[in-house]
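Okay, so here's the structure we're looking at.
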Amino acid sequence: MSEDKTKDQEKEHVRRVRYSGTHPRKFQEKYKELQPQKYAEDVAQIIQKGKTPAGMHISICVKEILDFLLIKPSQIGLDATLGYGGHTQKMLECLRGEGHIYAIDVDPVESEKTKKRLEELGYGADILTILHLNFANIDKVLEQGKKFDFVLADLGVSSMQIDNPQRGFSYKYDGPLDLRLNPEKGITAAQRLNKLSESELERILLENSDEPYAKQIARAIIMEIRRGTKIATTKQLSQIVTNALSFLPAGERKDAAKKSCQRVFQALRVDINKEFEALYEFLEKLPQVLAPNGRVAILTFHSGEDRLVKKAFKQFFNEGLYSEIAKDVIRPSAEECCKNPRAHSAKMRWAIKA
Ligand SMILES: C[S@@+](CC[C@H](N)C(=O)[O-])C[C@H]1O[C@@H](n2cnc3c(N)ncnc32)[C@H](O)[C@@H]1O
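For the sequence shown, the working numbering gives the first residue as 1, with consecutive numbering after it.
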């Protein structure tokens, strides 16, 4: 056997991660889900069961978005939140090879993977430009004078980010209490907690996620820090939140703790990533970057985001910058929510540039 052949065989034979039991449980062990191109059938089965495979994101309201954006070949568009690239891919299909889509994301880790995936599908630099950029800077994407015919923003976090314990986005998995959309920049949620006073934390919980037990939870977290505990992991934080609700009747406690954990993580994520500030700037700049009759659709996932979108659209409509805006929110169908539970809280609003 030649030396080259032996080397090739060694390269091919990479052992998969070992897991205990019959099914992989941890994110890193789900080797099939993490390679959707190689294990397409397994991934399709998981989606069929109403679950999101690890390392993947199922795009929400695709039909509703495309029906509104009315994308035509030769147009120029922006996906302000690339994520897994599901919406980008569908919008690229509408261009039929003519025109261009710019897609941006603050997360350099997932954007790189998405870029590779879309390139493999044949979407190269001639039709798609992927930039590592915060959508607060949408005015920096195109050269001066050029405008977008359509813009999409699908706010929040992707399933890949939520499901990866190393990113610290979910109370469900143990991992470092990070929560940064861009893990190369800014401070982690663990570091932020150490800098906050009780009243600041209470305000963050109230303003960013309408947490009804903000007072009790803020007090419990700050007391724990004063006692010298370093809250460094997601499990530590969710345990403190759960303990803070021990005054509730036993029958209500479990469900309330789950919802409060979700809201506390959301509130911290919004805070450390300055999500409201970025959204505000994006909404302010939108009318300047849209071409006449240009269309924008925005998907939000909590009331704080929806309030900002609704207010900005209404204000610019009253000022004559938009010719039409959505009167009501559009929601995913019951069928979509059933297939993808993460669609439940989604609300879509749209506007058309005058
Ligand atoms: C819900 S996911 C988008 C999923 C995507 N539409 C798809 O179909 O795969 C939201 C994405 O927006 C990104 N994001 C959040 N805030 C951002 C910001 N201010 N600027 C740019 N990207 C942002 C997140 O990193 C995440 O990848």
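We treat Cβ as the ideally placed atom computed from N, Cα and C, and that holds for glycine.
query	result
Answer with buried or exposed for M91, where buried requires no fewer than 16 other C-beta atoms within 10 angstroms of its C-beta.	buried
For my contact list, E211 and S260 are in at a C-beta cut-off of 8 angstroms; report their separation, rounded to the angstrom.	6 angstroms
Within the chosen definition, does the stretch 130 to 147 reach the stretch 50 to 62 through at least 3 CB pairs nearer than 8 angstroms?	no
Assuming contact is defined by CB atoms lying nearer than 8 angstroms, are T300 and S159 in contact in what I supplied?	no
CA-CA distance, L121 and R96?	14 angstroms
Less than 7 angstroms between C-beta atoms, sequence neighbours within five positions excluded: which residues of the same chain meet that for A215?	According to the sequence displayed, residue 215 carries Lys and not Ala. Contacts found: E202.
Roughly how many whole angstroms lie between the Cα atoms of L133 and F150?	18 angstroms
In whole angstroms, what separates the C-alpha of H87 from that of H100?	14 angstroms
Let me check you understand the geometry: is the CB of S170 closer than 7 angstroms to at least one non-hydrogen atom of ligand 1?	no
Let me know the secondary structure DSSP gives L237 once reduced to three states.	helix
Is the number of C-beta pairs between the stretch 189 to 196 and the stretch 250 to 258 that are closer than 8 angstroms three or more?	no
Residues in the same chain with beta-carbon distance under 8 angstroms from A232, minus the five sequence neighbours each way, listed in chain order, please.	P176, L177, A190
Rounded to whole angstroms, what's the CA-CA distance from T114 to F148? Just pull it up for me.	22 angstroms
Can you say whether S111 is buried or exposed, counting buried as having 16 or more other CB atoms within 10 angstroms of its CB?	buried
Pull up the CB-CB distance for D174 and P165, whole angstroms please, since I reckon it's below 8 angstroms.	6 angstroms
Counting only the same chain and skipping the five closest in sequence on each side, list residues whose C-beta sits under 6 angstroms from that of R192.	I272
Output the distance between the C-alpha atoms of T234 and Y123, rounded to the nearest integer angstrom.	37 angstroms
Mind pulling the alpha helix (DSSP H) runs of 4 or more residues that sit fully within the stretch 134 to 211?	159 to 163, 189 to 195, 198 to 209
Please give me, in chain order, every unbroken run of the beta strand (DSSP E) with length at least 3 that falls completely inside the stretch 301 to 325.	322 to 325
Distance, Cα to Cα, P292 vs K353?	6 angstroms
Taking only heavy atoms of ligand 1 into account, decide whether any of them is closer than 7 angstroms to the Cβ of I272.	no
Indicate the three-state DSSP secondary structure (helix, strand or coil) for H100 in the structure shown.	strand
Report yes if the C-beta distance between F313 and R349 is below 8 angstroms; otherwise report no.	yes
Using a Cβ-based criterion (distance less than 7 angstroms to any ligand heavy atom), does L82 qualify as near ligand 1?	yes
Please work out which residues of its chain come closer than 6 angstroms, Cβ to Cβ, to A220, disregarding the five sequence neighbours upstream and downstream, and give them in chain order.	I240, A244
Reducing DSSP to helix, strand and coil, say where D105 ends up.	strand
Quick one: grab the DSSP three-state call for R227.	coil
Whole angstroms is fine: what's the gap from A278's alpha carbon to I76's?	23 angstroms
Assuming C336 contacts A343 (C-beta within less than 8 angstroms), just tell me the rounded distance between them.	The question names Cys, yet the displayed sequence has Glu at residue 336. Contact flag correct, Cβ pair sits at about 5 angstroms.
With a threshold of 6 angstroms on Cβ separation, who are the neighbours of S323 within its own chain once the five nearest residues in sequence on each side are excluded?	I352, A354
Please classify I58: does DSSP put it in a helix, a strand, or coil?	coil
Helix, strand or coil: which one does DSSP assign to T81?	coil
If you follow the beta strand (DSSP E) that K347 is in, where does it begin and where does it stop?	347 to 353
Out of D328, L248, D126, G228, which one is the CA nearest neighbour of Y102?	D126
Thinking C-alpha only, which one of A80, Y39, E41 is nearest A297?	A80
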